[in-house]
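Trainee:
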Amino acid sequence: MGKLKENDLKAITKQLGREPNEIEQAIFSVMWSEHCSYRTSKPFLKKLFSKSKRKIVGQGENAGVLDIDDGDFVAFKMESHNHPSAIEPYQGAATGIGGILRDIFTMGARPVACSDPLRFGHLSDPHCRHLLEEVVRGISDYGNSVGVPTIAGETQFDPSYKINCVVNVFALGIGRTDELIRGVASGRGNLILYFGSKTGRDGVDGAYFASDPLSEKSKEDRPSVQIANPFQEKKVIEACLKIAKKRLVVSMQDMGAAGLTSSSVEMASRGDVGIELDLSKVPKRQSDVTPWEMMLSETQERMLAVIEQKKLDEIIEIFKQEEIEWAIIGKITDTKRMILKEGEKTLGDIPISLLLEEVPPANDRIKIENKESDELMGVKTGNIKNVIEKILSSNNINSKHWIYEQYDYRVGNDTIKIPGDGFSVLRINKKDKALSITNLGLEDYTYLNPYKGGYNTVAKSALEHLIGGFEPIGITDCLNFGNPENDVILGQFSESLRGMSSAAELFKVPIVSGNVSFYNESEGGAIKPLLEIGMIGFIKKLDRIKPNYLINNDSCLYQINLSDSSINPSLFSKEILNMDHGKVPKFNSEKLKKFIEILPDIFDLYSSARVQSRGGNFVTLFKMGLRNNLSFNLPNDNINDLFSEGPGLIIFEISAKNKGDFLYKTKDFSPVLLGKTLDNGKIILGQKGFFYDQLKDYYFDSFENSMEGRS
Amino acid sequence: MRVGIAVFPGSNCDRDAMYAFKHNGVDEIEYVWYSARKLSKFGLIILPGGFSFGDYLRTGAIAIHSEIFRELPNFVRSGGYVIGICNGFQMLAESKMLPGFLLRNKNQRFISKMVDIRIERNDTVFTSNYKIGEIIKMPIAHTTGNYQPIDAKDIGDNIVFRYVDNEGNLTKSGNPNGSYDNIAGIIDNSGHILGLMPHFERVSDEYLGNYGVGIIRSFIDNLE
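Going line by line, the protein sequences match chains A and B. Take the first sequence: its position 108, counting from 1, is numbered 118 in our numbering, and each next residue is one higher. Take the second sequence: its position 40, counting from 1, is numbered 43 in our numbering, and each next residue is one higher.
And the structure:
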């Protein structure tokens, strides 16, 4: 059992007026863990921008919920499963998917899309290859089996993730607003319904384990990792959706971290009621599972609902058809206390507010450290062909089809823009409207300057949606940081959130759900701070979607800069020079605001557009041309021009016909002519020419070579 | 003619099949739960993709012991048609309603991608709207799609779909999963039972691609 810290035990004893007994201590140890209580992060999260007319449910529930017209809603959220995946990558990743899907369908929404931002150490290390291979297999087996398409993702490599890899999971569901289920318990005497898998010992203490840095000893924590059963999940999904359709529950929540304890306590707390559980009624996998193990177990695929007695028969009918086990394990009271019983015997009695609201932070001191440096790099132009080949073969650039081809990204018949090419697009239930989905985390920026890191992540994502014709409507975040008891780490956290929130406010995109993952440390130190976001955009007409890939031969390529750019840090400096310091590019917020204003006027004037990606103009254009096999020319082969990166650089493809109009309407932004699109199979840089097809081989084959240990 | 889409616990392409058929003009269509014993009102049963009963054993191995599978042979004898897509094809092979086996893909991994498929026969009720040799794009999404016949000599006439490379040739590079002779789909000798790995139901409208519509239209033209 996870142990309570001495200070915490003192505080609890004082509040309770007595020392908590063994099972109560077990409950406090998980509920007061960082993972469940957000004790340290809460004050910062409260300040995040979250206003929107579309918002139905914001932070603090199972998932954020936004209105997407016509009585439809979208529920979405992102979570981390870093620690379990570092120890037991297959199960860690698979249960990550299972858990995030439950957060969605527990609200009455059918999960219709997943995505997975991942971070690992370099693949030259066999351990990192093993982690990646197993994580991908875990996501693939679970997601494919439950029939939810994995339609986006983002995988990057940096030595700081060698031991403590990052596995973030994003899920999104669609429902009808009149079938939305909240996690708010109410109604004295209402029943507490348990359904899904039986409770075993797996995952006991998972939340506690996730609130500690990884060490050699962590391998001994393997039993703290849960086991996945996607078939059970699929049955539970179908049952929950039937329950939602008939409006048979008062509230519902999945048993995630700290299982039965947190799900019951959180629902009771939101409804300001009490609960009484009889642990002798909980379905058990083995007869000798003890009460405290039951309260802490993280057995997967379990749900908890509050229901009215009169609805029970109808619910049982659904469980019968879907072949799901269930039990009534307690009732709602008005005592605002959690009372645990085993038959007649009382095992514990705790005021609910003490479990959730009154948890003191582990640390509240922040130290802001800026690691930026001004020194400029002297860039020598070596053999440009070698540089290009190396950049396109870099695992931080190359095609990840080896990964996403293991994911069923089409099931559901609504994936109308598949993964592998910028943002993904999901049609909404076969209707003439769609959502765009992006994942982005800029750890190299956030490491050097947390504020700009957070800001750039949001601004870059929002621009991607906007130029594609989508209104960015919501953000979910997954905040992966080191040990928050270290003031510098808490400073990174606080600053990057301030940056994220500030950009979100500028674009008027609310942050509606998310997850904090602290203690991402190993013997090698803390990971590079990763503020990962999932942003969704909304479009009302499918035929208004603007391509992010080149359409025509002989178009003009123009660039507009809404931020400055830099060659260090950049992918070039990271991959070719092995450097990760420098100065993080900054947005010009006035220019940004003006651009958002004029965008509707120029929207019909460009054939395609893309926000510059990692690898600068060269890589961005290279990727834009893949779909229609269109290459390009650029005036020279200068390293700075080819590979400098900025989060607010946008490339537009403009036809000869629209050129004059486009240049007139964007004159305040001084667009720069980069070159033209070509259909002759050649990339021309000044006087030099390269065969597009030959370079494509580097881009498409290099990742598989790395996975097979060949490079 | 009424179409039934069989639903097993763990099926996950049942709703996609429903959409594809409805969207392309089949209105008389409904789901059939795997415990159904009567199929007489249907003319076509679709066994959809997914992971029936979790497929924790061999793919399709549990599904074929369900009530609906006890009834399927009678259904076919009395003139009914069956299409098995992906997991449905695995069930048909497992139950020996179609000859041969489906093994794990050569690379041992799940493969989800668009592939080029060549039409090998258009004298079936499912493919009459295509030309022989026509190449269409359809997605595959499976771990167990490596088809191997029991007797290679006998399988030639049963082949309806083959994987080809992007130049339309029967090559190793065009074969995603290691199937014998690039086989992607076969039909039984009676012409009533079709099994294929590619998901034609996922290329069934203008936004997803229209390549699979021909199978649905062929069936409507021949039997409605």
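Just so it is clear, CB atoms sit at the ideal spot from N, CA and C, and this is done for glycine as well.
(1) Take the Cβ of Asn563 (chain A) as the centre, count every other Cβ of all protein chains shown within 10 Å, and call the residue buried at 16 or more, exposed below.
(2) Please determine if the segment 12 to 29 of chain B and the segment 202 to 210 of chain B are in contact, where contact requires at least 3 C-beta pairs separated by less than 8 Å.
(3) Cα separation between Gly7 (chain B) and Thr165 (chain A)?
(4) According to DSSP, simplified to helix, strand and coil, what is Gly13 (chain A)?
(5) Check each candidate in B:Leu226, B:Tyr166 and B:Ile158 and name the one with the smallest Cα separation from Ile139 (chain B).
(6) Taking 9 Å as the CB-CB limit, is Gln704 (chain A) close to chain B?
(7) Could you work out which residues of chain B lie near Gly422 (chain A), taking near to mean beta carbons separated by less than 7 Å?
(8) Per DSSP, what kind of secondary structure is Ile107 (chain A) in: helix, strand or coil?
(9) Below 8 Å on the Cβ atoms is my guess for Val594 (chain A) versus Asn459 (chain A); work out the distance and round it to an integer in Å.
(10) With 16 as the cutoff for other CB atoms within 10 Å, does Leu581 (chain A) come out buried or exposed?
(11) Which one or two residues does DSSP pair with Lys677 (chain A) in a beta bridge?
(12) What is the C-beta distance between Asn174 (chain A) and Ile537 (chain A), in whole angstroms, given that I count them as a contact (C-beta under 8 Å)?
(13) Among residues of its own chain, excluding the 5 on either side of Asn408 (chain A), which ones have a beta-carbon nearer than 8 Å to its beta-carbon?
(14) Interface residues of chain B around Lys381 (chain A) at Cβ under 8 Å?
(15) For Leu182 (chain A), go through chain B and note every residue whose CB falls closer than 8 Å to its CB, in chain order.
(16) Check the Cβ of Glu333 (chain A) against every Cβ in chain B and list those closer than 9 Å, keeping chain order.
(17) Between the C-alpha atoms of Ile66 (chain A) and Leu258 (chain A), what's the straight-line distance to the nearest angstrom?
(18) Looking at the unbroken alpha helix (DSSP H) that takes in Pro94 (chain A), where does it start and where does it end?
(19) At the level of alpha carbons, what is the spacing between Ile37 (chain A) and Thr271 (chain A)?
(20) For chain B, check one thing: does any of its Cβ atoms lie closer than 9 Å to the Cβ of Leu500 (chain A)?
(21) Can a CB atom of chain A be found closer than 9 Å to the CB of Asn15 (chain B)?
(22) Flag Val156 (chain A) as yes if its beta-carbon sits less than 9 Å from any beta-carbon of chain B, otherwise no.
(23) Would you mind sorting Phe701 (chain A) into buried or exposed? The rule is 16 or more other CB atoms within 10 Å of its CB.
(24) Taking only beta-carbon positions, decide if Asp82 (chain A) is within less than 9 Å of chain B.
(25) Can you tell me whether Gly199 (chain A) is buried or exposed? The criterion is at least 16 other CB atoms within 10 Å of its CB, across all chains shown.
(26) Roughly how many whole angstroms lie between the Cα atoms of Phe115 (chain A) and Met313 (chain A)?
(27) Can you give me the C-alpha to C-alpha distance between Ser50 (chain A) and Gly501 (chain A), rounded to a whole angstrom?
(28) Between A:Lys57, A:Pro240 and A:Ser207, which lies nearest to Tyr59 (chain B) when the distance is taken from Cα to Cα?
(29) Would you call the CB atoms of Glu74 (chain B) and Lys116 (chain B) closer than 9 Å?
(30) Hey, how far is the Cα of Ser155 (chain A) from the Cα of Cys89 (chain B)?
(31) Determine, using beta carbons only, whether Lys462 (chain A) comes closer than 9 Å to chain B.
(32) Quick check on Gln151 (chain B): does DSSP put it in helix, strand or coil?
(33) Using a cut-off of 8 Å between C-beta atoms, extract the partners of Gln416 (chain A) located in chain B.
(34) In the DSSP assignment, what are the bridge partners of Gly74 (chain A)?
(35) Which residue spans inside the segment 60 to 135 of chain B form an unbroken alpha helix (DSSP H) run of at least 4?
(36) Give me the chain A residues within the contact set of Glu9 (chain B), using Cβ-Cβ distance strictly less than 7 Å, ordered along the chain.
Mentor: Straight from the coordinates:
(1) Note on Asn563 (chain A): under 16 other CB atoms within 10 angstroms of its CB, so exposed under the neighbour-count rule.
(2) The segment 12 to 29 of chain B vs the segment 202 to 210 of chain B: in contact.
(3) Near 42 Å, if we compare the C-alpha coordinates of Thr165 (chain A) and Gly7 (chain B).
(4) Just to set this straight, residue 13 (chain A) is Lys in the shown sequence, not Gly. DSSP places Lys13 (chain A) in coil when its eight states are reduced to three.
(5) Ranking the options by Cα distance to Ile139 (chain B), first place goes to B:Tyr166.
(6) Chain B, which has no Cβ nearer than 9 Å to the Cβ of Gln704 (chain A), makes this no.
(7) Residues of chain B passing the Cβ test: Asp19.
(8) For Ile107 (chain A), the secondary structure class from DSSP, reduced to helix, strand or coil, is helix.
(9) That belief holds up - the Cβ atoms of Val594 (chain A) and Asn459 (chain A) are roughly 4 Å apart, short of 8 Å.
(10) Leu581 (chain A) comes out buried.
(11) Answer is none; Lys677 (chain A) lacks a bridge partner.
(12) Asn174 (chain A) to Ile537 (chain A), Cβ: 5 Å. Contact.
(13) Same-chain partners within the cutoff: Leu402, Tyr708, Tyr709, Phe710, Ser712 and Phe713.
(14) Listed along the chain, the chain B residues whose CB falls inside 8 Å of the CB of Lys381 (chain A) amount to none; the nearest CB is some 40 Å away.
(15) Within chain B, no residue comes near Leu182 (chain A); the closest Cβ sits about 17 Å away, beyond 8 Å.
(16) The contacting residues are Pro12.
(17) A direct Cα-Cα distance of roughly 20 Å separates Ile66 (chain A) from Leu258 (chain A).
(18) It spans Asn92 to Ile97 - the alpha helix (DSSP H) in which Pro94 (chain A) sits, taken as one unbroken run.
(19) In this model, Ile37 (chain A) and Thr271 (chain A) are separated by some 7 Å (Cα to Cα).
(20) Not one chain B Cβ lies under 9 Å of Leu500 (chain A).
(21) Asn15 (chain B) counts as touching chain A.
(22) It does: the Cβ of Val156 (chain A) has a partner Cβ on chain B nearer than 9 Å.
(23) Counting of Cβ neighbours within 10 angstroms places Phe701 (chain A) among the exposed residues, the total staying below 16.
(24) Not a single CB atom of chain B sits nearer than 9 Å to the CB of Asp82 (chain A).
(25) Gly199 (chain A) should be labelled exposed.
(26) Roughly 11 Å separates the two Cα atoms.
(27) Before going further, note that residue 50 (chain A) is Thr rather than Ser in the sequence given. Taken atom to atom, the span from the alpha-carbon of Thr50 (chain A) to that of Gly501 (chain A) is near 12 Å.
(28) Considering only alpha carbons, the answer is A:Pro240.
(29) One thing to note: Glu74 (chain B) has its Cβ no nearer than 9 Å to the Cβ of Lys116 (chain B).
(30) Taking the straight line from one Cα to the other gives about 13 Å.
(31) Lys462 (chain A) does not count as touching chain B.
(32) If DSSP states are grouped into helix, strand and coil, Gln151 (chain B) belongs with the strands.
(33) Listed along chain B, the residues sitting closer than 8 Å to Gln416 (chain A) by beta-carbon distance are Arg112, Phe113, Ile114 and Ser115.
(34) The secondary-structure analysis by DSSP pairs Gly74 (chain A) across a beta bridge with A:Phe86.
(35) Those alpha helix (DSSP H) runs which fall completely within the segment 60 to 135 of chain B and span 4+ residues are 70 to 80 and 90 to 97.
(36) Going by the sequence as given, residue 9 (chain B) is Ala instead of Glu. Among the residues of chain A, none has a CB under 7 Å from the CB of Ala9 (chain B); the nearest is roughly 15 Å distant.
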